[in-house]
Amino acid sequence: MRLRPTDDTGDILPVKNTAALLAGTEAAAEMVRCSLNLLPGEWWENPDHGCAVFRMLREDRLTAEGKTALAAYLTAYIHATPGIRAVDRVSAAVTGRQFAFSCEIRTEDGTADVSFSLST
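Be aware that the sequence shown starts at -10, since it is given in the numbering used here, and climbs by one per residue.
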């Protein structure tokens, strides 16, 4: 898998040659980050694809007890990403109206840290 790199806001950066494309673990981590930020209905080719965390939060309030369900969903969602062999070191926290999730993904090429947060 080869992907174009993105900046801190998620905008795709231009590349001048194929050596500048992300590959291996970096590409898998980027794919996970993009997937976590994709909401259901945003991708015209497959409207059912996307991270359903906001749908889950419509049904239940963001609580310390609910973080377990959100973390389990995100772990399974990330594990379903192509190239991901395992999701380890999962951490989730609720602080006020902020939810923070982090994990380590393992691919056949190595490991990378991924984090996701949202405010309600």
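In this text, a Cβ means the ideal position worked out from N, Cα and C, and glycines have one as well.
| Item | Value |
| --- | --- |
| Which partner residues of leucine -8 appear in the DSSP bridge assignment? | Leu11 |
| Which whole runs of the alpha helix (DSSP H) in the stretch -8 to 71 are 4 residues long or more, in chain order? | 13 to 25, 42 to 48 and 55 to 68 |
| Mind reading off the beta-carbon distance from histidine 68 to valine 76? Whole number of angstroms is fine, and I expect it under 8 Å. | 5 Å |
| Suppose the cutoff is 6 Å on Cβ atoms and the five residues either side in sequence are ignored; what does the same chain contact list for alanine 58 look like? | none |
| With a 10 Å radius around its C-beta and 16 neighbouring C-beta atoms as the bar for buried, classify alanine 17 as buried or exposed. | buried |
| Taking the beta carbon of phenylalanine 90 as the centre, do at least 16 other beta carbons fall within 10 Å, making it buried, or is it exposed? | buried |
| Report back the beta-carbon spacing between leucine 10 and arginine -9 to the nearest angstrom; my notes put them in contact at under 8 Å. | 4 Å |
| Do phenylalanine 105 and leucine 25 have their CB atoms nearer than 7 Å? | yes |
| Who pairs with aspartate 98 in a beta bridge, going by DSSP? | Answer by DSSP bridge pairing: none, since aspartate 98 is not bridged. |
| Ends of the beta strand (DSSP E) at threonine 84? | 75 to 84 |
| Please report the Cβ distance between glycine 39 and leucine 28, rounded to the nearest whole angstrom; I am assuming they are in contact, meaning their Cβ atoms lie under 8 Å. | 5 Å |
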